[in-house]
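*Asks:* Chains as they are written, first to last, in UniProt numbering: chain A, 1 to 378; chain B, 1 to 378.
Structural data, given as structure tokens:
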């Protein structure tokens, strides 16, 4: 593979633009990654594009279509290595080559084993100058789910938690409406809309009679109204087959997957509901297997909106990549319900250690994001 | 009283400088307020000063000493109405008048009943132009404790809490070292150093064998090393007379006040320890009376570093003005100890409602400040 070359400020500016473009696909590209492309000639952008829907044009194709003949002699900035394989569309590496692009800068090499350097090699072999590694971290952040699925066969799991500042999610009697404010709830809708799946437990569905859908009218008003929203797949862990078809969840005609250890065939389910049997551990669904199955179904990102028990279990199994805490300016006291259930810890060495990413105000509440702390290897 | 006149950008700039100067006294002026003064003539600062120690020069006196003869014809910017009474120093209003200052702009009128407009009146009666209300909010923020004591006969209480992001302060077995990191602990030292008193319960002293002092070597290194630090008075609630003179607290020769309902005269205490008897409520010290007593002892600011029970009780009694939460990037689980103990709440209407002020990163942790939510009166 070609080594990295020094990039200029101009290069960085164009790649930053390509990253902005890629983000426009964040509600729609799944199971494909978000990709943006900018074509530049004589220090002018002559074409740009992004990937919007699987099966439709990739970012490079869309940018080349804008540039037309002018693409000859241009430099392409792409947030991800151009593809090398025939999927539903022909390989972009071939397209760039054919259009006469003379230089391709990719933010990162694609870790999809179907690509993995082959796209850049096609270009390089054809005499196109290639380079990679510009704004790689930002480019990677566009597609954490896609890359995790490619690299580990698991989706990227973001666990949402809403609590008072003293870490309580409901009063002892169960009351919890509303801990966080309406702006935070809108913000949750935005995360849902960007997720391939929403995962929760039967308990949450039964207690809240939750629909777990994306509601256009609850999204932040700053969003474009013509956004081609998709509904995430609603995934429910139901080890004891407690769900029934009468629940509000099933009043919305949109995919539901129910994971159980043994399907109960006595109930009549709507056509959009699918049951998947996985192995059990102490009569509970094997959660690792659930996530592996979801990855096989091309689910890149899972938005986990669960109760304290499922969230605790997922955390114990090291299946959560990121936490989004919404903390409300309230104190609820020691009798209220805790955020996350673990077996009792007996040493401070055993706490779950995170790294805070960001803390921002969302209405009257705070949104704090954190990722698992990287273990330093020596 | 003279009405407010429109202030210029220049006025605001000089008052902002006076506020900066006032802050220099924040470790030392108690029981006096922090005050800064800037003298300006022909658009040039000809003298500035701040109040550093009770009994020594007020801000105006210090600024006049710098300006000397040049003060004649100058404008004075003062963060607080100049005093009108003979205390340990003569009244500043008289001093400004005598120096020939022609205009005095005060950020706010002093709510100390000994002043309360009298300072400005002395000046106005002498033909000096006076105005007030410039950057009043910032000026008030300099002395929340002093003003609360003047206006309500109670100190301003800031409750410090350190917890994991799921709101836990210790494991079930009591382990809690360390939840927050060293930078957060330095930050706590800085708050302690600015407080007149540190308040806690006998439990905390007994369990942690805490010294509750300000440790110069644990303060942020960015502080000036010649800072004239004072040690806050250490105030302990000991309803059951459980403290003993052998505790580490008493190894540091610095004021301790122990509040109890009935002094136990059988123990021998060091000379710097004082017991105060207050009334009891169900065999517990009356906390409102404790704070009233502290205000009478000229304590402006109390830094409350208590366990979940005392903090909960103080909150229930509406005695806490501000919360400082240090949240660490850890999850400790449902069996760990909660941040604050209240009697069980049965309605979300009864949560303690706060308003978040600020969230900043302190080392690996977050510091979130919040104040009691103002009840809207209609």
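We put the beta carbon where it would ideally sit given N, CA and C, even for glycine.
Please give the ranges of any beta strand (DSSP E) in the stretch 136 to 210 of chain A, keeping only runs that are unbroken, at least 3 residues long and fully inside the region.
*Replies:* 156 to 164, 168 to 170, 197 to 201
*Asks:* Taking C-beta pairs closer than 8 Å, name the residues in chain A that residue 301(B) reaches, listed in chain order.
*Replies:* Along the second chain, read from residue 1 onward, the residue named residue 301(B) stands at position 301. Near residue 301(B) there are no residues of chain A at all, since even the closest Cβ is about 21 Å away, more than 8 Å.
*Asks:* Chain A beta carbons: is any one of them nearer than 8 Å to that of residue 2(B)?
*Replies:* Residue numbering aside, residue 2(B) sits at position 2 when the second chain is read from its first letter. Annotation note: pLDDT 48 at residue 2(B) (below 50); position unreliable, coordinate value reported separately. Taking Cβ atoms only, chain A never reaches closer than 8 Å to residue 2(B), which makes this a no.
*Asks:* So who's on the other strand from residue 338(B), going by DSSP bridges?
*Replies:* Taking the first residue of the second chain as 1, we reach residue 338(B) at position 338. For residue 338(B), which the question treats as bridged, DSSP gives the partners 168(B).
*Asks:* What number of angstroms, rounded off, separates the C-alpha of residue 326(A) from the C-alpha of residue 268(B)?
*Replies:* Within the first chain, numbered from 1, the residue matching residue 326(A) stands at position 326. Within the second chain, numbered from 1, the residue matching residue 268(B) stands at position 268. The straight-line gap from Cα to Cα measures roughly 51 Å.
*Asks:* For residue 332(B), collect the residues of the same chain with a Cβ closer than 7 Å to its Cβ; drop the 5 residues on either side in sequence, then sort them by chain order.
*Replies:* Here residue 332(B) refers to the residue found at position 332 when the second chain is read from its first residue. The answer, listed in chain order, is 164, 166, 168, 171.
*Asks:* Starting from the Cα of residue 282(B), find the closest Cα among 111(B), 299(B), 261(B) and give me that residue.
*Replies:* Here residue 282(B) corresponds to residue number 282 of the second chain, with the count starting at 1. It is 261(B) whose Cα lies nearest to the Cα of residue 282(B).
*Asks:* Would a C-beta distance cut-off of 8 Å place residue 243(B) and residue 212(B) closer than the cut-off?
*Replies:* Position 243 of the second chain, counting from 1, holds the residue named residue 243(B). Position 212 of the second chain, counting from 1, holds the residue named residue 212(B). No, Cβ-Cβ distance for residue 243(B) and residue 212(B) is not below 8 Å.
*Asks:* Using three-state DSSP, classify residue 17(B) as helix, strand or coil.
*Replies:* The residue you call residue 17(B) lines up with position 17 of the second chain. Per DSSP, reduced to three states, the secondary structure at residue 17(B) is helical.
*Asks:* Identify whether residue 362(A) lies in helix, strand or coil by the three-state DSSP scheme.
*Replies:* Translated into the one-based positions of the first chain, residue 362(A) becomes position 362. Reduced to three states, the DSSP call for residue 362(A) is strand.
*Asks:* Count the other CB atoms within 10 Å of the CB of residue 2(B); is the residue buried (16 or more) or exposed (fewer)?
*Replies:* Position 2 of the second chain, counting from 1, holds the residue named residue 2(B). Confidence at residue 2(B) is low in this model, with a pLDDT of 48, below 50, so the placement of that residue should be treated as unreliable; the coordinate-derived value is given next. Exposed.
*Asks:* Under 9 Å, CB to CB, which of the residues in the stretch 194 to 227 of chain A have a partner in chain B?
*Replies:* none
*Asks:* Please state whether DSSP places residue 317(A) in a helix, a strand or coil.
*Replies:* The residue given as residue 317(A) occupies position 317 in the first chain. Coil.
*Asks:* Are the CB atoms of residue 71(B) and residue 49(B) within a distance shorter than 8 Å?
*Replies:* As a working mapping, residue 49(B) is identified with position 49 in the second chain. As a working mapping, residue 71(B) is identified with position 71 in the second chain. No, these two residues do not count as a Cβ contact at 8 Å.
*Asks:* Can you tell me whether DSSP reads residue 261(B) as helix, strand or coil?
*Replies:* For the purposes of this step, residue 261(B) is taken as residue 261 along the second chain, with counting starting at 1. Coil.
*Asks:* Within the 8 Å Cβ cut-off, does residue 175(A) reach chain B?
*Replies:* Numbered from its first residue, the first chain carries residue 175(A) at position 175. Closer than 8 Å: yes.
*Asks:* Could you tell me which residues DSSP puts in a beta bridge with residue 44(A)?
*Replies:* Locating residue 44(A) in the first chain gives position 44, where the first residue counts as 1. The partner list for residue 44(A) (beta bridge, DSSP) reads 41(A).
*Asks:* In the DSSP assignment, find the alpha helix (DSSP H) that holds residue 345(B) and state where it starts and stops.
*Replies:* Taking the second chain and counting its residues from 1, one reaches residue 345(B) at position 345. Looking at the DSSP string, residue 345(B) is not in any alpha helix (DSSP H), and its letter there is neither H nor E.
*Asks:* Do residue 197(B) and residue 109(B) have their beta-carbon atoms positioned less than 8 Å apart in this structure?
*Replies:* As a working note, residue 109(B) is residue 109 in the second chain. As a working note, residue 197(B) is residue 197 in the second chain. Not in contact: residue 109(B) and residue 197(B) (Cβ atoms no closer than 8 Å).
*Asks:* Going by Cα to Cα distance, which pick from 361(A), 229(A), 300(A), 304(A) is closest to residue 150(A)?
*Replies:* Position 150 of the first chain, counted from the start, is the residue given in the question as residue 150(A). Answer by Cα proximity: 300(A).
*Asks:* Would you list, in chain order, the members of the stretch 337 to 356 of chain A that have their beta-carbon closer than 7 Å to a beta-carbon of chain B?
*Replies:* 338, 339, 340, 341, 342, 344, 345, 346, 347, 348, 351, 352, 353, 354, 355, 356
*Asks:* Within this structure, are the beta carbons of residue 323(A) and residue 285(A) separated by less than 8 Å?
*Replies:* On the first chain, position 323 is the one that residue 323(A) refers to. On the first chain, position 285 is the one that residue 285(A) refers to. In this structure, residue 323(A) lies away from residue 285(A), with their beta-carbon atoms at least 8 Å apart.
*Asks:* Relative to chain A, which residues along the stretch 325 to 337 of chain B have a C-beta separation below 9 Å, given in chain order?
*Replies:* 325, 327, 328, 329, 330, 331, 332, 333, 334, 335, 336, 337
*Asks:* Whose Cβ in chain A lies nearer than 7 Å to the Cβ of residue 166(B)?
*Replies:* Your numbering for residue 166(B) matches position 166 in the second chain. Residues of chain A passing the Cβ test: 167, 338, 339, 340.
*Asks:* Does any residue of chain B have a CB that is nearer than 8 Å to the CB of residue 380(A)?
*Replies:* The requested residue 380(A) does not occur in the structure, where chain A is confined to residues 1 to 378.
*Asks:* DSSP three-state label for residue 277(B), please.
*Replies:* Mapped onto the second chain, residue 277(B) falls at position 277. Three-state DSSP puts residue 277(B) in a strand.
*Asks:* Evaluate contact between the stretch 143 to 159 of chain A and the stretch 313 to 322 of chain A, counting only Cβ atoms and requiring at least three cross-stretch pairs below 8 Å.
*Replies:* Yes: the two stretches touch, three or more of their Cβ pairs being nearer than 8 Å.
*Asks:* Check the DSSP bridge columns for residue 381(A) and list the partner residues they point to.
*Replies:* What is shown of chain A runs 1 to 378, which leaves residue 381(A) out entirely.
*Asks:* Which of helix, strand or coil does DSSP assign to residue 1(A)?
*Replies:* As a first step, residue 1(A) must be located in the first chain, where it is residue number 1. At residue 1(A), the pLDDT of 48 sits below 50, so the modelled position is not reliable; the number obtained from the coordinates is stated separately. It is coil, neither helix nor strand.
*Asks:* Could you tell me how far apart the beta carbons of residue 53(B) and residue 29(B) are, in whole angstroms, since I believe they sit closer than 8 Å?
*Replies:* Here residue 53(B) refers to the residue found at position 53 when the second chain is read from its first residue. Here residue 29(B) refers to the residue found at position 29 when the second chain is read from its first residue. About 7 Å separates the two Cβ atoms, so the contact holds.
*Asks:* For residue 122(B) and residue 81(B), which I take to be in contact (beta-carbon distance under 8 Å), what is that distance rounded to the nearest angstrom?
*Replies:* Within the second chain, residue 122(B) is the residue found at index 122, counting from 1. Within the second chain, residue 81(B) is the residue found at index 81, counting from 1. In this structure residue 122(B) does not touch residue 81(B) by the C-beta definition: roughly 10 Å separates them, more than the 8 Å allowed.
*Asks:* What does the alpha-carbon distance come out to for the pair residue 388(B) and residue 175(B)?
*Replies:* As displayed, chain B neither begins before 1 nor continues past 378, which places residue 388(B) out of reach and without an answer.
*Asks:* Can a CB atom of chain A be found closer than 8 Å to the CB of residue 308(B)?
*Replies:* Taking the second chain and counting its residues from 1, one reaches residue 308(B) at position 308. Yes, contact with chain A.
*Asks:* Identify, in the order they occur along the chain, each residue of the same chain with its Cβ nearer than 6 Å to the Cβ of residue 7(B), setting aside the five sequence neighbours on each side.
*Replies:* Position 7 of the second chain holds residue 7(B). Result list for residue 7(B): 134, in chain order.
*Asks:* According to DSSP, simplified to helix, strand and coil, what is residue 122(B)?
*Replies:* Here residue 122(B) refers to the residue found at position 122 of the second chain. Reduced to three states, the DSSP call for residue 122(B) is helix.
*Asks:* Hey, is residue 185(A)'s beta-carbon within less than 8 Å of any beta-carbon in chain B?
*Replies:* What you label residue 185(A) is simply residue 185 of the first chain in a count that begins at 1. Answer no: the Cβ-Cβ gap between residue 185(A) and chain B never drops below 8 Å.
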